[in-house]
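K.L.:
Residue numbers (the numbering used here): 1194 to 1275.
Beta carbons are placed, not taken as given, at the ideal position from N, Cα and C, and that holds for glycine.
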């Protein structure tokens, strides 16, 4: 699949509880595990996700919570589809 073994994967994870229209933390972590990126960043976190200091330790080593002003460098970007 196109996303498998990507260098970087950026995904939304709205909150820890299930949501009818958005991925939650468990959904995002399952997708990340399925695609096996080298690094992954979770974005668009709602206030009820919890404090950074409480959530960050729950994540696998290759996954981090995105923060305002985050710059991801050293990544080559290619188009997946023509």
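Report yes if the C-beta distance between residue 1207 and residue 1237 is below 8 angstroms; otherwise report no.
P.N.:
For the purposes of this step, residue 1207 is taken as residue 14 along the chain shown, with counting starting at 1. For the purposes of this step, residue 1237 is taken as residue 44 along the chain shown, with counting starting at 1. Contact flag set, yes.
K.L.:
Which value, in whole angstroms, describes the spacing of the CA atoms of residue 1275 and residue 1212?
P.N.:
Within the chain shown, the letter at position 82 stands for residue 1275. Within the chain shown, the letter at position 19 stands for residue 1212. Annotation note: pLDDT 49 at residue 1275 (below 50); position unreliable, coordinate value reported separately. The alpha-carbon atoms of residue 1275 and residue 1212 are separated by roughly 33 angstroms.
K.L.:
Measure the C-alpha to C-alpha separation of residue 1264 and residue 1254 and round it to an integer number of angstroms.
P.N.:
Within the chain shown, numbered from 1, the residue matching residue 1264 stands at position 71. Within the chain shown, numbered from 1, the residue matching residue 1254 stands at position 61. Using only the alpha carbons, I get a separation of about 18 angstroms.
K.L.:
Quick check: the Cα distance between residue 1198 and residue 1260, rounded to an integer number of angstroms?
P.N.:
Taking the first residue of the chain shown as 1, we reach residue 1198 at position 5. Taking the first residue of the chain shown as 1, we reach residue 1260 at position 67. Approximately 23 angstroms, taken between the alpha carbons.
K.L.:
Return the residue from the list 1245, 1262 and 1256 that minimises the CA-CA distance to residue 1224.
P.N.:
Walking along the chain shown from the start, residue 1224 turns up at place 31. Comparing Cα positions, the closest option is 1256.
K.L.:
Name, in chain order, the residues that DSSP records as bridge partners for residue 1232.
P.N.:
Your numbering for residue 1232 matches position 39 in the chain shown. Residue 1232 pairs with 1201.
K.L.:
Assuming residue 1233 and residue 1195 form a contact by the criterion Cβ under 8 angstroms, report the distance between their Cβ atoms to the nearest whole angstrom.
P.N.:
Looking up residue 1233 in the chain shown gives position 40. Looking up residue 1195 in the chain shown gives position 2. Not quite, the Cβ-Cβ distance comes to about 15 angstroms (not below 8 angstroms), so this is no contact.
K.L.:
Does the beta-carbon of residue 1218 have 16 or more other beta-carbons within 10 angstroms, so that it is buried, or is it exposed?
P.N.:
Locating residue 1218 in the chain shown gives position 25, where the first residue counts as 1. Per the 10 Å Cβ criterion, buried.
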